[in-house]
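Visitor: Sharing a structure, written as structure tokens. Questions coming.
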Amino acid sequence: MIQRHTDLVANVVAFCRYLRAYGFRIGPEEEATALRAAALVTLNDRGTFALALQVSLTRSVQEVAEFKVLFERYWRELENALDSKIKDDESQRSKYQKNTQPSFNALKSWLNGNRNTEETETATYSPTESLSHQDFSLIPADQLADLERLLREVSLALARKVNRRREKTLHAKAFDLRGTLRRNLRRGGELIDLAYKRPRRNRMRLVVLADVSKSMDLYSAFLIQFLYAFQNVFRRIETFVFSTDLHRVTAELKQQNFQEALKKLAESETGWSGGTRIGGSLHTFVTDYGKLLNRETIVVILSDGWDTDDTRDTGTLAETMQRIQQKSRKVIWLNPLAGRAGYEPRTAAMQAALPHVDVFAPAHNVESMRALGKWL
Amino acid sequence: MIPDLPHIADLLKTQGYITEPAVTMAVYLSMQLQKPLLIEGPAGVGKTEIAKVMARALDTDLIRLQCYEGLDASHALYEWNYQRQLLHLKMLETRQGTPGAVDALEEEIFGEKFLMKRPLLQAITHHKSPVLLIDEVDRADEEFESFLLEVLSDWQITIPEIGTIRATHIPQVIVTGNRVRELSEALRRRCLYLWIDYPDYEKELAIVRGKVPQISAQLAEQICRFMQELRQLRLEKTPGIAETLDWATALSTLHFDHLPQEIIEQTLGVILKDWKDTRTAQLSLSELYEKMGVVSKIEEL
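From first to last, the protein sequence lines are chains P and X.
Quick note: the first sequence, position 339, residue 348 per the numbering used here, numbers continuous.
Quick note: the second sequence, position 149, residue 157 per the numbering used here, numbers continuous.
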């Protein structure tokens, strides 16, 4: 009986480790909770046991789904033989590697700051393997989680920048002496009603225009992650994607989970991985959504500046960029290529746009995204 | 003292909450381990209801803190009733108290009499362990969330003028979220987790029958089948169980015993609250109706 019990403790702890390997954040405290929970239920019913662990070890709906699969797998493996667990794990991993797409490998290598591999990966990437119907969910979920978390941290940090000016509020937090005196003047200076102030809320509106054309394929997965994280943090944000045409994707990105957002995006007719008409797309933006722009709007354009339209279009682009800049507070152009050593914005489109851009900055890794905070 | 697992299932059932094992387990463990329970899920699936049912089952009070943007500590914890303090002083002035009594006076106006307890303070000073519902925590600002963590881990609140108030009873905490904003990892780690999804047909039917007892069997089945199909559409605001129940109540009050297409059209407003959704539903109404497996009147003729 005692033997059985210690077995259980060891197994629960081992299972916690197993979950940790799949990206669950489980520390000693969670392990303790799981053990206490396991001790509270009868062990002869596997479903009940699973539920007890599920309630104590999961933290989000995604984790609940993953948990169910992992639980089954783990305890099945355990039943078969204890050693086979490790082997199976390895075969699982190699399967993942086969699935990974070149674009994702390149993405990963940049995140690790390895430029060399990035270039070789770019070279081996074959244009025949069309990504126009790219299934985003193929990106291995375990690695995605890390990236997602990182991006969320960055965007949270960006959103959290509090304004140092104060505004009036009804909530008692900081006493507003001046306001109070003014309000009570007519009562002969007896202070009856109090006034308060608080840090002024960030009223900034963000408009993101992201290039999702073919030349941006390498970055798209990464950018979408960022847009998603951003969208869920900033309340006042509108997101558009463009290649040959412009699409508003704010609603799609507002999905509750990322996989769903990807699915919605892939389903929508956004013309992923097509050619680029930067000028045309931005023109559509100004004419159709120009009302989004005012002195409180920061426009962020994410594009490498490769335009498939011939040079005729650059006139439109310059003109449009000028209008955007005039109507908004600030225009930030983030270019993934600008992170490379020796990059010069030589494409015609980039040349046309640059005079009307307030900030031109690289956007090739998480670090550069973090630097975005400076400009917002 | 704390009921065991089958007992909780019974309690929930007798309180009219049709449940699934995951819910029972979460409620049970949250009571046993004295940990807050974080419940997430789409709107209208009965997250808040769990707290209410729990309070009734445990025969205790439910203290509710509804979160909103801009909610801050003073609204959740306590406030001094400044106006009353001032009036009190004014009244004393006319009586011309002795100058030495200033300290005593200060103690008096910062006493319990002028303290307005807000939900969190109420919860920890309650005469017996209540159920504390922190509803829609994702609507509150992040700073409030961090503040909440502090209270939830220490169960004590410091009021500068009075001192530290320690919890007399640790409340049973239910935190709900609609995923308006991503909650912090810290809060998640502090809680047990439960996800409630839209119910399947069987469960929904059981709920409707339980909550709207006067409904005819045929109408209940048709309503539930329709709702199941409706949720498959891409809607801005997918209707939850609350809407199903509203609809069931409305239709049964009107003495319908089945669900004709015209009536669906006329009463769509009960379940759909967004004009775009209403339009979407209207356009696919015939299709939905067919999927329900109901023979339309034309075919009958």
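Yeah, the Cβ is synthetic: ideal placement off N, Cα and C, and Gly gets one too.
Just so we're clear, the structure is a prediction, and the values are computed from it rather than from any experiment.
In chain order, what residues of the same chain have a beta carbon less than 6 angstroms from the beta carbon of residue 36(X), not counting five sequence neighbours either side?
Guide: The answer, listed in chain order, is 13, 16.
Visitor: At a Cβ threshold of 8 angstroms, is residue 203(X) touching chain P?
Guide: Closer than 8 angstroms: yes.
Visitor: Quick one: using the 10 Å Cβ neighbour count with 16 as the cut-off for buried, is residue 76(X) buried or exposed?
Guide: The residue in question, residue 76(X), is exposed, as its Cβ has fewer than 16 Cβ neighbours within 10 Å.
Visitor: Using a threshold of 8 angstroms, state whether the C-beta atoms of residue 138(X) and residue 70(X) are closer than that.
Guide: Yes.
Visitor: Taking Cβ-Cβ distances shorter than 7 angstroms, what residues in chain P pair up with residue 210(X)?
Guide: In chain order: nothing, as chain P lies at least about 18 angstroms away.
Visitor: Mapping the DSSP letters down to three states, classify residue 137(P) as helix, strand or coil.
Guide: The predicted model places residue 137(P) with a pLDDT of 26, which falls under 50 and marks its position as unreliable; any figure quoted below should be read in that light. In the structure shown, residue 137(P) sits in coil (DSSP, three-state: anything other than H, G, I, E or B).
Visitor: Assuming residue 140(X) and residue 131(X) make a contact with CB atoms under 8 angstroms, what is their CB distance in whole Å?
Guide: Confirmed, about 4 angstroms.
Visitor: Check this for me: beta carbons of residue 245(P) and residue 214(P), under 8 angstroms apart or not?
Guide: In contact: residue 245(P) and residue 214(P) (Cβ atoms closer than 8 angstroms).
Visitor: When we look at the beta-carbon of residue 300(X) and count the other beta-carbons within 10 Å, is it buried (16 or more) or exposed?
Guide: Under this definition residue 300(X) is a buried residue.
Visitor: Cα-Cα, which of 84(P), 60(P), 367(P) is closest to residue 17(P)?
Guide: Out of 84(P), 60(P), 367(P), 84(P) has the C-alpha closest to the C-alpha of residue 17(P).
Visitor: Is the beta carbon of residue 176(X) less than 8 angstroms from the beta carbon of residue 133(X)?
Guide: Cβ atoms of residue 176(X) and residue 133(X): closer than 8 angstroms.
Visitor: For residue 112(X), count neighbouring Cβ atoms within 10 angstroms of its own Cβ and tell me buried if that reaches 16, exposed if not.
Guide: Exposed, by the Cβ-count rule.
Visitor: Does any CB atom of chain P fall closer than 8 angstroms to the CB of residue 91(X)?
Guide: Cβ-Cβ to chain P under 8 angstroms: yes for residue 91(X).
Visitor: Are residue 329(P) and residue 299(P) touching if we call contact CB-CB under 8 angstroms?
Guide: Contact flag unset, no.
Visitor: Hey, quick one: how far does the beta strand (DSSP E) through residue 247(P) stretch, first residue to last?
Guide: That run of the beta strand (DSSP E) goes 246 to 251.
Visitor: Report yes or no: is there a C-beta of chain X within less than 8 angstroms of the C-beta of residue 56(P)?
Guide: Chain X contact via Cβ: present.
Visitor: Would the beta-carbon of residue 183(X) fall within 8 angstroms of that of residue 20(X)?
Guide: The answer is no: Cβ separation not under 8 angstroms.
Visitor: List the DSSP bridge partners of residue 48(X).
Guide: Beta-bridge pairing links residue 48(X) to 185(X), 203(X).
Visitor: Can you name, in chain order, every residue of its own chain whose Cβ lies under 6 angstroms from the Cβ of residue 87(X), other than the five neighbours on each side?
Guide: Once the five neighbours on either side are set aside, the close Cβ partners of residue 87(X) are 124.
Visitor: What whole-angstrom Cβ distance do residue 34(X) and residue 186(X) have, given they're in contact under 8 angstroms?
Guide: In fact, because the Cβ distance is near 18 angstroms, the residues do not count as touching under 8 angstroms.
Visitor: Going by the DSSP bridge assignment, what does residue 125(X) pair with across the sheet?
Guide: Residue 125(X) is bridged to 86(X).
Visitor: Should residue 337(P) be labelled buried (16 or more other beta-carbon atoms within 10 Å of its own) or exposed?
Guide: Looking at its Cβ environment, which holds 16 or more other Cβ atoms inside 10 Å, residue 337(P) is buried.
Visitor: Which whole-angstrom value is the C-beta distance of residue 47(P) and residue 62(P), which I expect to be below 8 angstroms?
Guide: Going by Cβ atoms, the distance from residue 47(P) to residue 62(P) rounds to 7 angstroms, so yes, they are a contact pair.
Visitor: If you measure beta-carbon to beta-carbon, which residues of the region 19 to 35 of chain X are closer than 7 angstroms to chain P?
Guide: Answer set for the region 19 to 35 of chain X: 29, 30, 33, 34.
Visitor: Taking 8 angstroms as the CB-CB cut-off, is residue 258(P) touching chain X?
Guide: False, the Cβ-Cβ gap to chain X never drops below 8 angstroms.
Visitor: Could you run through the region 229 to 244 of chain X and flag, in chain order, every residue whose CB is less than 7 angstroms away from some CB of chain P?
Guide: Of all residues in the region 229 to 244 of chain X, none has a Cβ within less than 7 angstroms of some Cβ in chain P.
Visitor: Assign residue 42(X) to one of three DSSP states: helix, strand, or coil.
Guide: Reduced to three states, the DSSP call for residue 42(X) is coil.
Visitor: Starting from the beta carbon of residue 34(P), find every residue of chain X whose beta carbon is closer than 9 angstroms, and list them in chain order.
Guide: The contacting residues are 193, 196, 197.
Visitor: Which partner residues of residue 219(P) appear in the DSSP bridge assignment?
Guide: Looking at the DSSP assignment, residue 219(P) forms a beta bridge with 250(P), 311(P).
Visitor: Compare the C-beta of residue 129(X) with all C-beta atoms of chain P and state if any pair is closer than 8 angstroms.
Guide: So no, residue 129(X) is outside the interface.
Visitor: Mind reading off the beta-carbon distance from residue 169(X) to residue 118(X)? Whole number of angstroms is fine, and I expect it under 8 angstroms.
Guide: Rounded, the Cβ-Cβ distance is 4 angstroms, consistent with contact.
Visitor: Give the range of the alpha helix (DSSP H) segment to which residue 162(X) is assigned.
Guide: Counting along the chain, the alpha helix (DSSP H) containing residue 162(X) begins and ends at 150 to 162.
Visitor: Just checking: is the beta-carbon of residue 298(X) within a distance shorter than 8 angstroms of some beta-carbon in chain P?
Guide: Output row for residue 298(X): interface = no.
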